[in-house]
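Scroll down for the structure; my scribbles are underneath it.
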Amino acid sequence: MIQKLKKVVICLAAGAAFMATPIASASANSVTWNGGIFGWSLGVNGANVTATTQFSRSIRLVTTVQIQNNATGAFIAQGTVDSTNTIAQIMRTGLATGRAAFGAHEARGDNSNRSSYFSLALKNGKAVELALLSFSIFL
Amino acid sequence: MKVFILGMLSLVFLAGCQVSEEVVEDGAVTQEVELGAYAFGPLLDVEMNELIRFEFIGEEIRIPYHVEGQARGIVSEFGWFALVDGLPQSTRLETLDGSVLSEESFMHIFQLEFMERKEFYVVFTPEVENKEGSVGFIAGGILSPTFLPKSTDNPSFGGMHHLTATIPAEIKMLTSTSSSLVAYRQDNLVEINEDILSQLEERLISEVAILEVLNYFPFLAILPIEDDLQINRQVVLESSNNSVDVRLIVLGGQEVLNRITFFVNHQPVTINGVADYVEIFLNSGRMGIIDINLDVEILNELNSLYAIMMTAGEDYLIQDIFKSSSVLLIQN
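Chains as they are written, first to last, in my numbering: chain A, 2 to 140; chain B, 794 to 1125.
Structure representation (structure tokens):
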């Protein structure tokens, strides 16, 4: 059963097929956790948003990306990849001005958890309120 | 809900949010905001991916534990909770020298600076149905539990209230337990219809057949009871006479017994005036439509509502934990 699950989630990851896609804008971060290096990024390339999670050894990685209308919260797209590997990436298309993307990056290992969260907004140089959050930002 | 570290989150968050800007190829500007990062887990010397086992011998279980903020330059907020055998547990946190760090509650909220670490004991007596054998223990975290949408104009929680969880541990029950918790059993499953599948395909855009995806990623959604199963819409629910009617749909999943608890403002609520959780045996390719009434006696003007599902019994290694999106619940 677990083997089958692994197969499916790997298919999901492969389905995204963006491993070789250059990311025009990405903010990568890393911290030491659980004896290894945990890294994550949320990047944008045109309308594509890519969430990447890595760990220095194979571990269960759960990575989610979600895009929605910034002003109304209306749903645009989402995706999750859940696999045991050293890297988990997921891409969704639909980011545009006035929309926001959210990334969640999680490692689940030896009963401990490490997670990071990001949001990403797109706007043509004007002040915008990222209404989903409890504060305003200016672009 | 006991607030572990008091603070005005929104002010701290505003002051401390970490922002980066970059111009992308079409000339637009992206702005990235880090919402939080944290780690949590037991302080145990175990091998990677080793199944952790605890024993319940009739006395409180005490698990040495840690939490740590890991976002540079900001305060990360998350709510920590534990489920045993699919049911939320009331836990107490004690410092390593034995004083109470946080009173008994279903959720303990942490607000942590970068590399701020706290070590303590998680103390609890498992509240599960009378049984001996092994049951699953899962610890979870909810990102920014104090976040609420500002109004019904934009009721989305965005990336907030996202669920993270540990892989399951095992509690070996060496003595039977008693529990006053009552189940609401849902046995009626129907075939997932084409309309729902179309909506999911639009939402998930998977190259794997959506029914196959649902086998391993069961989907939960809270809807208005009169809703015609539109799962991609924004939901605002309104209470009436200290209660609210809701429709929960559960799609797909492994063929295992699951328990679902509803949380209003992160506290479990009663179902139909008598039950504490929904019990449902999932089935591949089928869905449960659960129309119930929740008791919501103490409400603010704006409130959060979500459901968490965990596998019961000894099947927690097959399918572990899932959460619906949070929805906005307003007081009439």
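By construction, the Cβ of each residue, glycine as well, lies at the ideal position given by its N, Cα and C atoms.
Quick check: Asp880(B) and Val921(B), are their CB atoms within less than 8 Å of each other?
In the second sequence, the residue the question calls residue 880(B) occupies position 87. In the second sequence, the residue the question calls residue 921(B) occupies position 128. Looking at the sequence itself, residue 880(B) is Leu, so the reference to Asp does not match. Yes, the pair counts as a contact, with Cβ atoms nearer than the cut-off.
Assess contact between the stretch 936–949 of chain B and the stretch 966–976 of chain B, defined as three or more Cβ pairs (one per stretch) separated by less than 8 Å. Is contact present?
At 8 Å Cβ cutoff, the stretches do not touch.
Does the beta carbon of Val82(A) sit closer than 8 Å to a beta carbon anywhere in chain B?
As a working mapping, residue 82(A) is identified with position 81 in the first sequence. Not one chain B Cβ lies under 8 Å of Val82(A).
For Val860(B), I'd like the list of residues in its chain whose CB is within less than 6 Å of its CB, leaving aside the five on either flank, ordered along the chain.
Position 67 of the second sequence, counting from 1, holds the residue named residue 860(B). The residues are Phe833, Phe903 and Lys911.
Return the CA-CA distance between Asn1076(B) and Glu984(B), expressed in angstroms with no decimal places.
As a first step, residue 1076(B) must be located in the second sequence, where it is residue number 283. As a first step, residue 984(B) must be located in the second sequence, where it is residue number 191. Looking at the two C-alpha atoms, the distance is approximately 9 Å.
Does the structure place the stretch 39–54 of chain A close enough to the stretch 83–97 of chain A that three or more beta carbon pairs sit under 8 Å?
yes
Are Ile1015(B) and Val877(B) closer than 8 Å when you measure CB to CB?
Walking along the second sequence from the start, residue 1015(B) turns up at place 222. Walking along the second sequence from the start, residue 877(B) turns up at place 84. No, these two residues do not count as a Cβ contact at 8 Å.
DSSP on Arg1026(B), reduced to helix/strand/coil?
Taking the first residue of the second sequence as 1, we reach residue 1026(B) at position 233. In the three-state reduction of the DSSP assignment, Arg1026(B) falls in the coil class.
With a threshold of 7 Å (Cβ to nearest heavy atom), would Thr888(B) be considered close to the ligand ATP?
Annotation note on the ligand ATP: not contained in the displayed structure, which lists no ligands.
Using the three-state DSSP reduction, which class does Arg996(B) fall into: helix, strand or coil?
In the second sequence, residue 996(B) corresponds to position 203, counting from 1. DSSP places Arg996(B) in helix when its eight states are reduced to three.
Under 8 Å, do Ser1117(B) and Leu1013(B) count as touching if we go by C-beta distance?
If you number the second sequence from 1, residue 1117(B) lands on position 324. If you number the second sequence from 1, residue 1013(B) lands on position 220. Cβ atoms of Ser1117(B) and Leu1013(B): closer than 8 Å.
Give the DSSP-derived three-state secondary structure of Leu990(B) in the structure shown.
As a working note, residue 990(B) is residue 197 in the second sequence. The answer is helix: DSSP assigns Leu990(B) an H, G or I state.
Given this structure, state the Cα-to-Cα distance separating Val793(B) from Gly1066(B), to the nearest angstrom.
Because chain B here runs from 794 to 1125, residue 793(B) falls outside it and cannot be looked at.
Using a C-beta cutoff of 8 Å, does Phe76(A) count as contacting chain B?
Taking the first sequence and counting its residues from 1, the one referred to as residue 76(A) is at position 75. Chain B contact via Cβ: present.
To the nearest angstrom, how far is it from the Cα of Leu1007(B) to the Cα of Gly1078(B)?
Residue 1007(B) sits at position 214 when you count from the first residue of the second sequence. Residue 1078(B) sits at position 285 when you count from the first residue of the second sequence. Straight-line Cα distance between these residues: approximately 8 Å.
Show which residues of chain B have a CB atom less than 8 Å away from the CB atom of Ala101(A).
Translated into the one-based positions of the first sequence, residue 101(A) becomes position 100. Simply Gly951.
Compare the C-alpha of Ser991(B) against each of Met953(B), Gly926(B), Asn1025(B) and Glu925(B) and name the closest.
Taking the first residue of the second sequence as position 1, residue 991(B) is located at position 198. Comparing Cα-Cα distances from Ser991(B) to each of Met953(B), Gly926(B), Asn1025(B) and Glu925(B), the minimum goes to Asn1025(B).
Closest Cβ-Cβ distance between Glu1126(B) and chain A: below 8 Å?
Coverage of chain B is limited to positions 794 through 1125, which leaves residue 1126(B) absent and any answer about it impossible.
Nearest to Asn953(B) by CA position, among Tyr1009(B), Ile964(B) and Phe871(B), is which residue?
Here residue 953(B) is taken as the residue at index 160 of the second sequence, counted from 1. Sequence inspection shows Met at residue 953(B); the Asn mentioned does not correspond to that position. Taking only the C-alpha atoms, the option nearest Met953(B) is Phe871(B).
Name the one or two DSSP bridge partners that Ile856(B) has.
Position 63 of the second sequence holds residue 856(B). Paired residue(s): Val915(B).
Asn86(A) by DSSP, collapsed to three states: which one?
As a working mapping, residue 86(A) is identified with position 85 in the first sequence. Of the three classes helix, strand and coil, the one that applies to Asn86(A) here is strand, per DSSP.
Find out if the Cβ-Cβ distance for the pair Gly926(B), Thr957(B) is shorter than 8 Å.
The residue labelled residue 926(B) in the question sits at position 133 within the second sequence. The residue labelled residue 957(B) in the question sits at position 164 within the second sequence. No; because the gap between Cβ atoms is not below 8 Å, this pair is not in contact.
Mind pulling the chain A residues with CB within less than 8 Å of Phe1010(B)?
What you label residue 1010(B) is simply residue 217 of the second sequence in a count that begins at 1. Correct list: Thr81 and Asp83.
Going straight from the alpha carbon of Lys943(B) to that of Asp83(A), what length do you get?
Sequence index remark: in the second sequence, residue 943(B) carries index 150 (1-based). Sequence index remark: in the first sequence, residue 83(A) carries index 82 (1-based). If I take the Cα positions, the gap works out to 32 Å.
Which residues in the same chain have their Cβ closer than 6 Å to the Cβ of Thr918(B), if we skip the five residues on either side of it in sequence?
On the second sequence, residue 918(B) is found 125 positions in, with the first residue counted as 1. Excluding positions up to five away in sequence, the list reads Glu853.
Do the stretch 1047–1058 of chain B and the stretch 1090–1108 of chain B touch if we need at least three Cβ pairs shorter than 8 Å?
yes
Can you give me the C-alpha to C-alpha distance between Tyr831(B) and Val32(A), rounded to a whole angstrom?
Taking the second sequence and counting its residues from 1, one reaches residue 831(B) at position 38. Taking the first sequence and counting its residues from 1, one reaches residue 32(A) at position 31. Straight-line Cα distance between these residues: approximately 11 Å.
Residues bridged to Gln79(A) by DSSP?
Along the first sequence, one-based indexing puts residue 79(A) at 78. Bridge partners of Gln79(A): Gln67(A).
Is the shortest distance between the beta-carbon of Glu979(B) and the beta-carbons of chain A less than 8 Å?
Position 186 of the second sequence, counting from 1, holds the residue named residue 979(B). Checking the displayed sequence, the identity of residue 979(B) turns out to be Gln instead of Glu. Output row for Gln979(B): interface = no.
What is the residue span of the alpha helix (DSSP H) that Glu1005(B) lies within?
Against the second sequence, residue 1005(B) aligns to sequence position 212. Segment Ile1003 to Tyr1009, the alpha helix (DSSP H) holding Glu1005(B).
Leaving out the 5 sequence neighbours to the left and right, which residues in its chain are closer than 7 Å to Glu887(B) when beta-carbon positions are compared?
Residue numbering aside, residue 887(B) sits at position 94 when the second sequence is read from its first letter. So the list reads Val893, Leu894, Phe913, Tyr914 and Val916, once near-sequence residues are dropped.
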